[in-house]
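For the sequence shown, position 96 matches number 96 in the numbering used here, and the numbering has no gaps at all.
To keep things clear, I will list the structure first and then write my remarks on it.
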Amino acid sequence: MISPLKISGYLLFLSTVTCLVVVLKSEAKQSKTINVPYTLWVYTPVNYSKTIKVAVPFNTTFYDVMLQAQLQDPVYNFTATPYDWGMYIDQIAGYQQNNEKEIYWWIYDLDCKPDMKNPPDVNQLSPVGVSEIRVKKGRHYLFWYRHIENTH
Ligand SMILES: *[C@@H]1O[C@H](CO)[C@@H](O)[C@H](O)[C@H]1NC(C)=O
Ligand SMILES: *[C@@H]1O[C@H](CO)[C@@H](O)[C@H](O)[C@H]1NC(C)=O
Ligand SMILES: *[C@@H]1O[C@H](CO)[C@@H](O)[C@H](O)[C@H]1NC(C)=O
Numbered sequence: 001m002i003s004p005l006k007i008s009g010y011l012l013f014l015s016t017v018t019c020l021v022v023v024l025k026s027e028a029k030q031s032k033t034i035n036v037p038y039t040l041w042v043y044t045p046v047n048y049s050k051t052i053k054v055a056v057p058f059n060t061t062f063y064d065v066m067l068q069a070q071l072q073d074p075v076y077n078f079t080a081t082p083y084d085w086g087m088y089i090d091q092i093a094g095y096q097q098n099n100e101k102e103i104y105w106w107i108y109d110l111d112c113k114p115d116m117k118n119p120p121d122v123n124q125l126s127p128v129g130v131s132e133i134r135v136k137k138g139r140h141y142l143f144w145y146r147h148i149e150n151t152h
């Protein structure tokens, strides 16, 4: 006959194994890499466009995506100024923000690929800066060099 002690030992073993599987599964989920589409648009109407896909771990900041993109393709080079709230992007791909003409880089957080025929509006601007954006699967990130009008 199997003693109750053996049974509880077996159950303990089973639950430990189950627990381990759950832990491994959730770790796999967290370290899962995602391909983040990152598009550049220049001017309105857009006369320069480029998209790159950057493989990063889930929940990486968009700023880290930008650093990675820059390593993959030098066109994605940028300059940033650090503030209390995070990094402020003032130049990408050689396009420097122009205070006089009020042309800046605007970051859009989109649920689909940006479409020039139906460009995103002010409601699709990211409410937070690049250091605070946590990239998610299925999102498309657009940096658009454009005039301040229609952006607020
Ligand atoms: C793109 O548009 C800007 C602003 O309208 C203009 O100054 C520039 O010459 C254009 N560039 C090209 C390559 O068409
Ligand atoms: C994403 O990372 C931040 C900062 O490390 C953390 O506070 C947050 O809980 C993470 N979110 C998810 C869904 O993992
Ligand atoms: C940054 O990108 C622009 C546009 O492609 C290019 O002209 C410039 O040389 C690049 N700068 C660096 C440092 O790679």
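From the three backbone atoms N, C-alpha and C, an ideal C-beta is built for every residue, glycine too.
Figure out for me which residue from VAL42, ASN47, ASP121, PHE62 has the closest Cα to the Cα of ASN35.
-> PHE62
For TYR48 and TYR95, the rounded distance between their alpha carbons | 11 Å
Going along the chain, which residues of its own chain have a beta-carbon closer than 6 Å to the beta-carbon of TRP41, five neighbours each way excluded?
-> SER49, TRP144
With DSSP collapsed to three states, give me the class of ALA80.
-> strand
So who's on the other strand from PRO74, going by DSSP bridges?
-> DSSP output for PRO74 lists no bridge partner at all.
Runs of beta strand (DSSP E) wholly within the segment 76-125 (minimum 3 residues, chain order) = DSSP runs (the beta strand (DSSP E)) wholly in the segment 76-125: 78-83, 86-92, 103-110.
Between the C-alpha atoms of PHE58 and GLU102, what's the straight-line distance to the nearest angstrom?
-> Roughly 34 Å separates the two Cα atoms.
Return helix, strand or coil for TYR43, following the three-state DSSP convention.
-> coil
With a threshold of 7 Å, establish whether the CB of ARG134 neighbours any heavy atom of ligand 2.
-> yes
By how many angstroms is the C-alpha of LYS32 removed from the C-alpha of ALA156?
-> A question about residue 156 goes unanswered here, because the residues of the chain that appear run from 1 up to 152.
Please list, in chain order, all residues of the same chain as VAL46 whose beta carbon is under 7 Å from its beta carbon, the five residues on each side excluded.
-> MET116
In chain order, what residues of the same chain lie with their CB nearer than 7 Å to the CB of SER26, ignoring the 5 residues before and after it?
-> Bear in mind that a pLDDT of 49 at SER26, under 50, signals an unreliable position, so the model cannot answer this.
Examine ligand 2 and report whether any of its heavy atoms sits within less than 7 Å of the Cβ of ASN59.
-> yes
What first and last residue would you give for the beta strand (DSSP E) that runs through LYS32?
-> Looking at the DSSP string, LYS32 is not in any beta strand (DSSP E), and its letter there is neither H nor E.
Hey, would you say the C-beta of TYR43 is under 7 Å away from at least one heavy atom of ligand 1?
-> yes
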